[in-house]
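Novice: Count the sequence shown with my numbering and you get residues 58 to 132, in order. Glycine residues also receive a C-beta, built at the ideal position from the N, C-alpha and C atoms. Everything numeric in this text was worked out from a predicted model, so none of it was measured.
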Amino acid sequence: MGSFSIWHWLIVLVIVMLVFGTKKLRNIGEDLGGAVKGFKEGMKEGDKDAAKPISPDQQLDGKTIDAEAKVKEKV
Numbered sequence: 058m059g060s061f062s063i064w065h066w067l068i069v070l071v072i073v074m075l076v077f078g079t080k081k082l083r084n085i086g087e088d089l090g091g092a093v094k095g096f097k098e099g100m101k102e103g104d105k106d107a108a109k110p111i112s113p114d115q116q117l118d119g120k121t122i123d124a125e126a127k128v129k130e131k132v
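Laid out in structure tokens, this is it:
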């Protein structure tokens, strides 16, 4: 009783296909696949950027910036 048989899953699949339709399910699958692919590409680009050394032009030149933060009060 704890696990479902293959027949239960086939009935659920048929009901889902009847409710949503195959075209809508295909579109959802394509969108999900594109999102996963974009996420993987973004992770690869992030790894490349992290491994790239910082050039001396991008480094700070040793100057200290002194600033004071003020909070605006909402009226």
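Measure the CB-CB distance between residue 82 and residue 74 and report whether it falls below 8 Å.
Specialist: Cβ distance < 8 Å, so residue 82 and residue 74 count as in contact.
Novice: Using the C-alpha atoms, what's the distance from residue 89 back to residue 98?
Specialist: Approximately 14 Å, taken between the alpha carbons.
Novice: Does DSSP put residue 68 in a helix, in a strand, or in coil?
Specialist: Note: residue 68 maps to helix in three-state DSSP.
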